[in-house]
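Colleague:
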Amino acid sequence: MPTMNLDQMLKTLETLPGRQFQVTPEQRAVIEHGTGPLWVIAGPGSGKTEVLVLRCLKLVCVDKLPPAAIMITTFTERAAKNIQDRMALYKEHLAKSDPTLKQVDLGLVRVGTLHSLCNDIMQEYRHPAYQNVRLLDEMEQPLFVYEHSLLAASNPPASQRPLWDNFDYLVDGWDPISGLRWNRAYFPSRWRRAHAAVNLFNHVAEDMLDVAKMKSAGGVWRVFADAYEQYVASLVDHFRCDFAHVQKRFLEFLATPRGAQFLKGNGTLEHPGLHHVLVDEYQDTNLIQEAIYLSLAEAHPHNLTVVGDDDQALYRFRGATVECMVTFDKACQRAWKISPKTVRQLRLMGNYRSHPRVVDWCSDYIESFDLMRKPGARAPGKPRLSPKSSITGNYTSVGLLERRNREDLADAFADLVQNLLKNRIVQLPSQCVLLLKSTREIRKWAKLYVDALDSRGISTYNPRSKALLQQEEIMAALGSLVEVLDPQGTAQVAVSGDGIQQMATGWRTTYRSVVRNYPALGDYVKKARQRIAAVPPNQLIMLSGAKGVLNFPATLQELFYHLLNHDPFKTWLDDPERTVRLGALTKAIEAYCSNPLPGRDTPTRGYLRTSATTPGEVSFNWRENFYYALVGLLVSQGLDQPEDEEELFPPDRLPIMTVHQVKGLEFPFVFVGGLMEDAEASSAHRLEEAVLSFRQTVPASQPFNADERALQDLARFYYVAYSRAQYALIMLATTSQVNEQRPAFGGQGRAWYRQRVTIL
DNA sequence: CTGGGTGCAGTTTTT
DNA sequence: CTGCACCCAG
Numbered sequence: 001m002p003t004m005n006l007d008q009m010l011k012t013l014e015t016l017p018g019r020q021f022q023v024t025p026e027q028r029a030v031i032e033h034g035t036g037p038l039w040v041i042a043g044p045g046s047g048k049t050e051v052l053v054l055r056c057l058k059l060v061c062v063d064k065l066p067p068a069a070i071m072i073t074t075f076t077e078r079a080a081k082n083i084q085d086r087m088a089l090y091k092e093h094l095a096k097s098d099p100t101l102k103q104v105d106l107g108l109v110r111v112g113t114l115h116s117l118c119n120d121i122m123q124e125y126r127h128p129a130y131q132n133v134r135l136l137d138e139m140e141q142p143l144f145v146y147e148h149s150l151l152a153a154s155n156p157p158a159s160q161r162p163l164w165d166n167f168d169y170l171v172d173g174w175d176p177i178s179g180l181r182w183n184r185a186y187f188p189s190r191w192r193r194a195h196a197a198v199n200l201f202n203h204v205a206e207d208m209l210d211v212a213k214m215k216s217a218g219g220v221w222r223v224f225a226d227a228y229e230q231y232v233a234s235l236v237d238h239f240r241c242d243f244a245h246v247q248k249r250f251l252e253f254l255a256t257p258r259g260a261q262f263l264k265g266n267g268t269l270e271h272p273g274l275h276h277v278l279v280d281e282y283q284d285t286n287l288i289q290e291a292i293y294l295s296l297a298e299a300h301p302h303n304l305t306v307v308g309d310d311d312q313a314l315y316r317f318r319g320a321t322v323e324c325m326v327t328f329d330k331a332c333q334r335a336w337k338i339s340p341k342t343v344r345q346l347r348l349m350g351n352y353r354s355h356p357r358v359v360d361w362c363s364d365y366i367e368s369f370d371l372m373r374k375p376g377a378r379a380p381g382k383p384r385l386s387p388k389s390s391i392t393g394n395y396t397s398v399g400l401l402e403r404r405n406r407e408d409l410a411d412a413f414a415d416l417v418q419n420l421l422k423n424r425i426v427q428l429p430s431q432c433v434l435l436l437k438s439t440r441e442i443r444k445w446a447k448l449y450v451d452a453l454d455s456r457g458i459s460t461y462n463p464r465s466k467a468l469l470q471q472e473e474i475m476a477a478l479g480s481l482v483e484v485l486d487p488q489g490t491a492q493v494a495v496s497g498d499g500i501q502q503m504a505t506g507w508r509t510t511y512r513s514v515v516r517n518y519p520a521l522g523d524y525v526k527k528a529r530q531r532i533a534a535v536p537p538n539q540l541i542m543l544s545g546a547k548g549v550l551n552f553p554a555t556l557q558e559l560f561y562h563l564l565n566h567d568p569f570k571t572w573l574d575d576p577e578r579t580v581r582l583g584a585l586t587k588a589i590e591a592y593c594s595n596p597l598p599g600r601d602t603p604t605r606g607y608l609r610t611s612a613t614t615p616g617e618v619s620f621n622w623r624e625n626f627y628y629a630l631v632g633l634l635v636s637q638g639l640d641q642p643e644d645e646e647e648l649f650p651p652d653r654l655p656i657m658t659v660h661q662v663k664g665l666e667f668p669f670v671f672v673g674g675l676m677e678d679a680e681a682s683s684a685h686r687l688e689e690a691v692l693s694f695r696q697t698v699p700a701s702q703p704f705n706a707d708e709r710a711l712q713d714l715a716r717f718y719y720v721a722y723s724r725a726q727y728a729l730i731m732l733a734t735t736s737q738v739n740e741q742r743p744a745f746g747g748q749g750r751a752w753y754r755q756r757v758t759i760l
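Take the numbering used here: the last position of the first sequence gets the number 760, and nothing is skipped along the way.
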């Protein structure tokens, strides 16, 4: 049997058409690493994901490990798919020179987000505590909490008052319904409490907080701990699990006999046990994920490879802590009782992406913050990035476009882009990107830039510029629903206290203007109303099937599908963007219908029933709950604009993106605007601090306080933005913004900044 | 480059 | 309702 060695593997891959990647010695060391924990500290543009893919291929193709013995996790589904595709492509190419590889099924490598793998493995191994469990998504969890948690009770006990006083920062914020901030004199609304409770419950699981310790702490902690236990019990009662608890369940699973079976295997190719765990984006890991990884690699010699860049940690809002990346050696020591020195640290600090001056700017920038130089802020002994790209030239590669006001700035930016195009420095607008904190097209954010580009004939690509609930098709669809279910708006009026009424009234208006051009929709709505009006009191509303088939109860979903089957919705569904948005609404409606009712086994929410007292109307309670729960959810959390599967940028348009969206991407010309914000501790920062004493694992280094972490996070945020640039990085700011000396300009003031950046 | 008055607009991200 | 960006005066 011909075997392939690493040199042959890498050489062969160099012949793959369209792939120009030469493995450097530092990258090779990661790929080659044998057994034992490996801690890879990588910079932006260092090829870290590529190296991880190659390491996995080496384990399979050179070391001949069974694919099922390897697990690779990443942070998003999209990144997981990317790794899977790349591995499949490379393996296919390798199989051309080593036909024995044709037998290898790379599909058996466990690639995915940790959440999805936990879910899959527990189902595969029939973990008793995870049988027939439905995993709640980001819409379903808040709805479940809203209807099941004590903390979101419609009439909460007075004992909750001190709790909400204590967690006021979780409740505070802008209310999209009333258009006002929360007034602390009032008890927080049901939805505000539900969202805050979701946040708290997730933290208990993700930070692995000690609930018993909370109880003995007494006071608000006791009240909260009781509510937490009640929530977890209802999840179990109704066979539900949320994203945070799927990880907790998995950690418990690993300690069971079936878990041991999964880890050890039975010697067959299908179940070889787990030999290697490779983790990408480790800087965005949370504490329970850290515990899972350490358990997965519990067996000697602890084959756990983690790769990440602590300076690019962006996901604290999701419970992630850079701490995991920065003190990985200490975590291994704690879990496995090994010396931290045996944790091999390798660094990938070569940057193959950007002009050397961009690279230097990124290093200067991140090191300029006093707080980033303190121990525990970054991976120990982290060196500067080392510029290795082939991009050279003595042009302005790091610049500041500074103007006296925002209009002038937007014009100067658009002029610059126009000149780049005219002088053929860039061939297409899509070689540039504009990065903003928010891409919404309002004056404060993208609008001035979009207008300035527009007037010069340059169009922009900004798919998430509008809130989903503002879209015509969403408003018309919801309008037709309420026109059928609550034609008089009586229940709508009853919930007016929450301002939901205004929202629904807006939908009705949209519906009426739409129906003027599409009378068939109006006819259907009328017919549906008449049908309901004909049903006797207190009965399920039935929908007739085909001739001879029994009637079956009408559900909210069915009504919704019927409405979508009429114009203009039918025609709108030809438009992929509208289809995606209507799909998001469909998902929300399904989430609502599938939410179990407290005290019942099956979800019956979707069934429509007539009122017991008022004939011909949908039950008042049902309508009321529809507004409070479903509409309340839509307005309090908004609908997520689902991103396109494979979003390719239209070549003739200039993309406008947020920093989170651009993570992992690179662009020849990067413009960064909206540099004005100051660091302010968010609720995530404050909550982390508040629960620190209940953590089961003591932090390995002196933790920073909430304000300090807020500033570090902001520094990292712009570091991600700045390190996307290949040829040039241009910051956009008004003079007063620069004078304010915000973190985006570095931590050392104007003079320091002006020395390093060309003023345009 | 700073201070104070005015006027406008109210994130973002993901399993 | 606030908070903060912006602008202008000094």
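No residue lacks a Cβ here, since even glycine has one placed at the ideal position from N, Cα and C.
What you are looking at is a predicted structure, and each value in this text was computed from that prediction instead of being measured.
1) State the DSSP-derived secondary structure class of Gln141, mapped to helix, strand or coil.
2) From Leu687 to Ala588, what distance separates their C-alpha atoms?
3) Relative to the C-alpha of Ala765, which candidate in Leu278, Cys593, Ala706 has its C-alpha closest?
4) Work out the CA separation of Thr327 and Pro703 for me, nearest whole Å.
5) Using 8 Å for Cβ pairs, my map puts Gln539 next to Arg609. What's the rounded Cβ distance?
6) Spell out the partners DSSP gives Ile41 in its beta bridges.
7) Alpha carbon to alpha carbon, what distance is there between Gln312 and Ala681?
8) Going by beta carbon distance, what residues of the same chain come within less than 6 Å of Leu38, once the five residues before and after it are set aside?
9) Buried or exposed: where does Pro99 fall if 16 or more other Cβ atoms within 10 Å of its Cβ makes it buried?
10) State the Cα-Cα distance for the pair Gly674 and Ser611, rounded to the nearest angstrom.
11) Contact between the segment 38 to 49 and the segment 290 to 297: three or more CB pairs below 8 Å?
12) Can you tell me the Cβ-Cβ gap for Cys332 and Thr285, rounded? I've got them flagged as a contact below 8 Å.
13) Please state whether DSSP places Ala111 in a helix, a strand or coil.
14) Checking 8 Å against the spacing of the C-beta atoms, do Phe669 and Leu732 come in under that value?
15) Given a cut-off of 8 Å on the beta-carbon distance, is the pair Ser636 and His195 in contact?
16) Counting only the same chain and skipping the five closest in sequence on each side, list residues whose C-beta sits under 7 Å from that of Pro272.
17) Measuring CB to CB, does Leu654 end up less than 8 Å from Tyr461?
18) Once DSSP output is grouped into helix, strand and coil, what is the label at Gly548?
19) So is Glu281 buried or exposed if we call it buried at 16+ other beta carbons inside 10 Å?
20) In whole angstroms, what is the alpha-carbon distance linking Val211 and Phe224?
21) Can you name, in chain order, every residue of its own chain whose Cβ lies under 6 Å from the Cβ of Arg357, other than the five neighbours on each side?
22) Put Ala725 into one of helix, strand or coil per three-state DSSP.
23) Is the Cβ-Cβ distance between Ala412 and Leu401 less than 8 Å?
24) May I have the straight-line CA-CA distance separating Leu136 from Cys241, to the nearest angstrom?
25) What does a CB cutoff of less than 6 Å around Ala533 pick up in its chain, not counting 5 residues either side in sequence?
26) Assuming the contact rule is C-beta atoms closer than 8 Å, Tyr627 and Ile541 should be a hit. Round their C-beta distance to whole Å, please.
27) Could you pull the start and end residues of the alpha helix (DSSP H) that Phe620 belongs to?
28) Nearest CA to the CA of Ala233: which residue from Leu117, Val484, Pro598?
29) Buried or exposed: where does Ile31 fall if 16 or more other Cβ atoms within 10 Å of its Cβ makes it buried?
30) Taking its Cβ as the centre, do 16 or more other Cβ atoms sit within 10 Å of Ile72, making it buried, or is it exposed?
31) Assess, as a yes-or-no matter, whether the segment 192 to 206 is touched by the segment 163 to 175 under the definition of 3 or more beta carbon pairs within less than 8 Å.
32) Quick one: Cα of Ile474 to Cα of Cys593, how far?
33) Just checking Glu124 against the ligand ZN - is the residue's beta carbon closer than 7 Å to any of the ligand's heavy atoms?
34) From Arg249 to Ser149, what does the alpha carbon distance come to, in whole angstroms?
35) How is the alpha helix (DSSP H) around Phe243 delimited, first residue to last?
36) Can you look up Met676 in the DSSP assignment and give me helix, strand or coil?
Modeller: Taking the geometry as given:
1) Counted from its first residue, the first sequence places residue 141 at position 141. Gln141: helix per DSSP, three-state reduction.
2) For this step, residue 687 is matched to residue 687 along the first sequence. For this step, residue 588 is matched to residue 588 along the first sequence. If I take the Cα positions, the gap works out to 28 Å.
3) No information on residue 765 is available, as it lies outside the stretch 1 to 760 that the chain covers here.
4) For the purposes of this step, residue 703 is taken as the residue at position 703 of the first sequence. For the purposes of this step, residue 327 is taken as the residue at position 327 of the first sequence. One C-alpha to the other measures close to 12 Å.
5) Indexing the first sequence from 1 puts residue 539 at position 539. Indexing the first sequence from 1 puts residue 609 at position 609. Contact holds; Cβ gap of about 7 Å.
6) Taking the first sequence and counting its residues from 1, one reaches residue 41 at position 41. In DSSP, Ile41 forms a bridge with Gly308, Arg347.
7) Start at 1 with the first residue of the first sequence, and residue 681 comes out as number 681. Start at 1 with the first residue of the first sequence, and residue 312 comes out as number 312. About 18 Å.
8) Here residue 38 corresponds to residue number 38 of the first sequence, with the count starting at 1. Closer than 6 Å at Cβ, skipping near neighbours: Thr305, Arg344.
9) By 1-based counting over the first sequence, the position of residue 99 is 99. The residue in question, Pro99, is exposed, as its Cβ has fewer than 16 Cβ neighbours within 10 Å.
10) On the first sequence, position 674 is the one that residue 674 refers to. On the first sequence, position 611 is the one that residue 611 refers to. Approximately 53 Å, taken between the alpha carbons.
11) no
12) Looking up residue 332 in the first sequence gives position 332. Looking up residue 285 in the first sequence gives position 285. Not confirmed; about 14 Å, so no contact.
13) Taking the first sequence and counting its residues from 1, one reaches residue 111 at position 111. It is worth fixing the name first, because residue 111 is Val in this sequence and not Ala. Val111: strand per DSSP, three-state reduction.
14) In the first sequence, the residue the question calls residue 669 occupies position 669. In the first sequence, the residue the question calls residue 732 occupies position 732. Their beta carbons are not under 8 Å apart, which means Phe669 does not touch Leu732 by this criterion.
15) Taking the first sequence and counting its residues from 1, one reaches residue 636 at position 636. Taking the first sequence and counting its residues from 1, one reaches residue 195 at position 195. Result yes, Cβ atoms of Ser636 and His195 sit closer than 8 Å.
16) By one-based count along the first sequence, residue 272 stands at place 272. Taken in chain order, the residues that qualify are Pro66, Ala68, Ala69, Gly265.
17) Counting from one through the first sequence, the residue named residue 654 turns up at place 654. Counting from one through the first sequence, the residue named residue 461 turns up at place 461. Closer than 8 Å, so yes.
18) Looking up residue 548 in the first sequence gives position 548. Confidence at Gly548 is low in this model, with a pLDDT of 42, below 50, so the placement of that residue should be treated as unreliable; the coordinate-derived value is given next. Coil, per DSSP.
19) By one-based count along the first sequence, residue 281 stands at place 281. That one is buried.
20) For the purposes of this step, residue 211 is taken as residue 211 along the first sequence, with counting starting at 1. For the purposes of this step, residue 224 is taken as residue 224 along the first sequence, with counting starting at 1. For Val211 and Phe224, the distance between alpha carbons rounds to 9 Å.
21) Here residue 357 refers to the residue found at position 357 of the first sequence. Answer for Arg357: Ser397, Val398, listed in chain order.
22) The residue given as residue 725 occupies position 725 in the first sequence. In this structure, Ala725 counts as strand in the three-state DSSP scheme.
23) Against the first sequence, residue 412 aligns to sequence position 412. Against the first sequence, residue 401 aligns to sequence position 401. Yes. Within cutoff.
24) By 1-based counting over the first sequence, the position of residue 136 is 136. By 1-based counting over the first sequence, the position of residue 241 is 241. For Leu136 and Cys241, the distance between alpha carbons rounds to 6 Å.
25) Numbered from 1 along the first sequence, position 533 holds the residue referred to as residue 533. Closer than 6 Å at the Cβ level, and outside the excluded window around Ala533, lie Gly616.
26) As a first step, residue 627 is located in the first sequence; it is residue number 627 there, counting from the start. As a first step, residue 541 is located in the first sequence; it is residue number 541 there, counting from the start. Separation of the CB atoms of Tyr627 and Ile541 is rounded to 18 Å, and the pair is thereby denied contact status at 8 Å.
27) To locate residue 620, count along the first sequence from 1; it is residue 620. Segment 620 to 625, the alpha helix (DSSP H) holding Phe620.
28) Translated into the one-based positions of the first sequence, residue 233 becomes position 233. Ranking Leu117, Val484, Pro598 by Cα distance to Ala233 puts Pro598 first.
29) As a first step, residue 31 is located in the first sequence; it is residue number 31 there, counting from the start. Ile31 is buried by the Cβ-count criterion.
30) Taking the first sequence and counting its residues from 1, one reaches residue 72 at position 72. Buried is the call here.
31) yes
32) Counting from one through the first sequence, the residue named residue 474 turns up at place 474. Counting from one through the first sequence, the residue named residue 593 turns up at place 593. If you draw a straight line from the Cα of Ile474 to the Cα of Cys593, it is about 18 Å long.
33) This structure lacks the ligand ZN, and indeed carries no ligand of any kind.
34) Counting from one through the first sequence, the residue named residue 249 turns up at place 249. Counting from one through the first sequence, the residue named residue 149 turns up at place 149. Distance between Arg249 and Ser149, taken at the CA atoms: about 20 Å.
35) What you label residue 243 is simply residue 243 of the first sequence in a count that begins at 1. That run of the alpha helix (DSSP H) goes 243 to 254.
36) What you label residue 676 is simply residue 676 of the first sequence in a count that begins at 1. In this structure, Met676 counts as coil in the three-state DSSP scheme.
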